[in-house]
Amino acid sequence: MKGPLAFSTLFCIVLLANTAQATFDCRPTIVEKDRKGETKIHYDLQPLSGLRIASKTTETPPSTNEAKVSMTLCGEDTLALDDKVAEEDQCPPNTKVCLTLLNHKSSSSESSRVTAVIPIWSLDTPEDDVKLKPRSKDEGLDITVDGPEYAGIRQQFELNLICAKDSASSSPEFVSYGDGKLVLSWETPSACERALEGGDDSSPPGSEERTGGGGGFFHVLATMFWLSVVGLILYFAIGMWYNYTTYGAKGLDLLPHKEFWRDLPTLFSDLAAHITSSIRGSSNGASRGGYTAI
Numbered sequence: 001m002k003g004p005l006a007f008s009t010l011f012c013i014v015l016l017a018n019t020a021q022a023t024f025d026c027r028p029t030i031v032e033k034d035r036k037g038e039t040k041i042h043y044d045l046q047p048l049s050g051l052r053i054a055s056k057t058t059e060t061p062p063s064t065n066e067a068k069v070s071m072t073l074c075g076e077d078t079l080a081l082d083d084k085v086a087e088e089d090q091c092p093p094n095t096k097v098c099l100t101l102l103n104h105k106s107s108s109s110e111s112s113r114v115t116a117v118i119p120i121w122s123l124d125t126p127e128d129d130v131k132l133k134p135r136s137k138d139e140g141l142d143i144t145v146d147g148p149e150y151a152g153i154r155q156q157f158e159l160n161l162i163c164a165k166d167s168a169s170s171s172p173e174f175v176s177y178g179d180g181k182l183v184l185s186w187e188t189p190s191a192c193e194r195a196l197e198g199g200d201d202s203s204p205p206g207s208e209e210r211t212g213g214g215g216g217f218f219h220v221l222a223t224m225f226w227l228s229v230v231g232l233i234l235y236f237a238i239g240m241w242y243n244y245t246t247y248g249a250k251g252l253d254l255l256p257h258k259e260f261w262r263d264l265p266t267l268f269s270d271l272a273a274h275i276t277s278s279i280r281g282s283s284n285g286a287s288r289g290g291y292t293a294i
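Each residue of the sequence shown is one higher than the last, beginning at 1 in the numbering used here.
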């Protein structure tokens, strides 16, 4: 039993190791489906990698409260520990987003005091807890993360990446924090939809990936045409083989239902003549005002 037990233990260790190294892909592709078909939306968030800081201060005389967010968005990047800061005043290793609450008071012997250190997003966050959603009308991308509990409250992180082609901010903006939910906003060209590598960025986002729509009708017609062609080929091939093996037919006698195909031009001619005479009869009847000639 040692063999299976050892194998199971090793498997669990590998699984846990892979889970702990879950990373965020900064070149995501989001698939959206609607009645018109399927659209693939591509983003390139690599320019947003590295350490980013956002903060917000609130005056509470005689002191000032500051909420400071440190973030490393892409890949396996995590926040590095600062040797100049006490370990208890920093988020644990493998943290990607950390919220630090500070209280500043100039008259105090300790001008800055850390009141809370809250890990929001870590490398071991399950992939299912990280969700991406395009904003409407190519306005950007929203990233939401369900984080761990802190002081009995489940933490949540929301990063609103806003498409700004003409302007860019080097760091996100602190929007709010309350009831365990941290919200940041970031205007950047990286939040705009991108074409695939090698494609034309000037084309409408996702247009090269969209299926269905107006071309669907012609696709159905083409499919029906080729199915008819294949059906006719099979019909003649099987019929000729049957006539040859059963009756020993040769030449034109190999054709299945030879009489029908021989009379087909005559049938078309009679149909055309009937349609023509009907049209002429209708025209003549209309010119007589509804009376029948005697």
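Every residue gets a Cβ at the ideal spot worked out from N, C-alpha and C, and that includes glycine.
**Prompt:** When we look at the beta-carbon of serine 107 and count the other beta-carbons within 10 Å, is it buried (16 or more) or exposed?
**Reply:** Residue 107 sits at position 107 when you count from the first residue of the sequence shown. It is exposed - the Cβ of serine 107 has fewer than 16 other Cβ atoms within 10 Å.
**Asked** How is histidine 257 classed by DSSP in three states: helix, strand or coil?
**Response** Position 257 of the sequence shown, counting from 1, holds the residue named residue 257. Of the three classes helix, strand and coil, the one that applies to histidine 257 here is coil, per DSSP.
**Item:** Cβ shell of aspartate 89 (< 7 Å), same chain only, five flanking positions each side left out
**Value:** The residue labelled residue 89 in the question sits at position 89 within the sequence shown. If we look at aspartate 89 and ignore the five residues flanking it on each side, its Cβ neighbours are Val114, Val117.
**Message:** Please classify serine 112 as buried or exposed, where buried requires at least 16 other C-beta atoms within 10 Å of its C-beta.
**Reply:** Within the sequence shown, residue 112 is the residue found at index 112, counting from 1. By the 10 Å Cβ count, serine 112 comes out exposed.
**Prompt:** Anyone know if the C-beta pair for leucine 123 and threonine 23 falls short of 9 Å?
**Reply:** The count along the sequence shown starts at 1 and reaches residue 123 at position 123. The count along the sequence shown starts at 1 and reaches residue 23 at position 23. Result yes, Cβ atoms of leucine 123 and threonine 23 sit closer than 9 Å.
**Message:** Taking a contact to mean a Cβ-Cβ separation below 9 Å, would you say asparagine 160 touches valine 145 in this structure?
**Reply:** Looking up residue 160 in the sequence shown gives position 160. Looking up residue 145 in the sequence shown gives position 145. Contact flag unset, no.
**Residue from Cys74, Cys91, Gly75 with nearest C-alpha to aspartate 82** = Locating residue 82 in the sequence shown gives position 82, counting from the first residue. The residue with the shortest Cα to Cα distance from aspartate 82 is Cys91.
**Request:** Taking all protein chains shown into account, decide if phenylalanine 157 is buried (16 or more other Cβ within 10 angstroms of its Cβ) or exposed.
**Result:** In the sequence shown, the residue the question calls residue 157 occupies position 157. Result: buried.
**Item:** Through-space distance from aspartate 138 to leucine 101, alpha-carbon basis
**Value:** For the purposes of this step, residue 101 is taken as residue 101 along the sequence shown, with counting starting at 1. For the purposes of this step, residue 138 is taken as residue 138 along the sequence shown, with counting starting at 1. The alpha-carbon atoms of leucine 101 and aspartate 138 are separated by roughly 34 Å.
**Asked** Under the DSSP definition of a beta bridge, which residues are partnered with arginine 27?
**Response** By 1-based counting over the sequence shown, the position of residue 27 is 27. For arginine 27, which the question treats as bridged, DSSP gives no partner whatsoever.
**Request:** May I ask which residues mark the beginning and end of the beta strand (DSSP E) holding threonine 78?
**Result:** If you number the sequence shown from 1, residue 78 lands on position 78. Note, threonine 78: premise wrong, no beta strand (DSSP E); not H, not E.
**alanine 272 versus phenylalanine 260: straight-line alpha-carbon distance, rounded** = If you number the sequence shown from 1, residue 272 lands on position 272. If you number the sequence shown from 1, residue 260 lands on position 260. Spanning the two alpha carbons is a distance of roughly 18 Å.
**Asked** Roughly how many whole angstroms lie between the Cα atoms of glycine 212 and leucine 252?
**Response** By one-based count along the sequence shown, residue 212 stands at place 212. By one-based count along the sequence shown, residue 252 stands at place 252. Note that glycine 212 scores a pLDDT of 42, beneath 50, so its modelled location is shaky; the value from the coordinates is reported in the next line. Near 45 Å, if we compare the C-alpha coordinates of leucine 252 and glycine 212.
**Prompt:** When we look at the beta-carbon of isoleucine 279 and count the other beta-carbons within 10 Å, is it buried (16 or more) or exposed?
**Reply:** By 1-based counting over the sequence shown, the position of residue 279 is 279. Exposed, since its Cβ has fewer than 16 Cβ neighbours within 10 Å.
**Prompt:** What is the DSSP secondary structure of tyrosine 43, reduced to helix, strand or coil?
**Reply:** For this step, residue 43 is matched to residue 43 along the sequence shown. Reduced to three states, the DSSP call for tyrosine 43 is coil.
**Message:** Comparing C-alpha positions only, which one of Pro62, Lys96, Thr60, Asn65 sits nearest to aspartate 77?
**Reply:** Mapped onto the sequence shown, residue 77 falls at position 77. Answer by Cα proximity: Lys96.
**Message:** Measuring CB atoms only, is the region 27-39 touching the region 169-183, in the sense that at least three cross pairs come out at less than 8 Å?
**Reply:** no
**Item:** Outcome for isoleucine 233 when other beta-carbon atoms lying within 10 angstroms are tallied against a minimum of 16
**Value:** As a position in the sequence shown, residue 233 is number 233, starting the count at 1. It is exposed - the Cβ of isoleucine 233 has fewer than 16 other Cβ atoms within 10 Å.
**Request:** Return the bridge partner residues of glutamate 139 from the DSSP annotation.
**Result:** Counting from 1 along the sequence shown, the entry for residue 139 is found at position 139. DSSP output for glutamate 139 lists no bridge partner at all.
**Item:** One or two residues paired with phenylalanine 225 in a DSSP bridge
**Value:** The count along the sequence shown starts at 1 and reaches residue 225 at position 225. Per DSSP, none; premise fails for phenylalanine 225.
**Message:** Checking the sheet assignment: what are the DSSP bridge partners for glutamine 90?
**Reply:** To locate residue 90, count along the sequence shown from 1; it is residue 90. BP columns for glutamine 90 are empty, so no partner.
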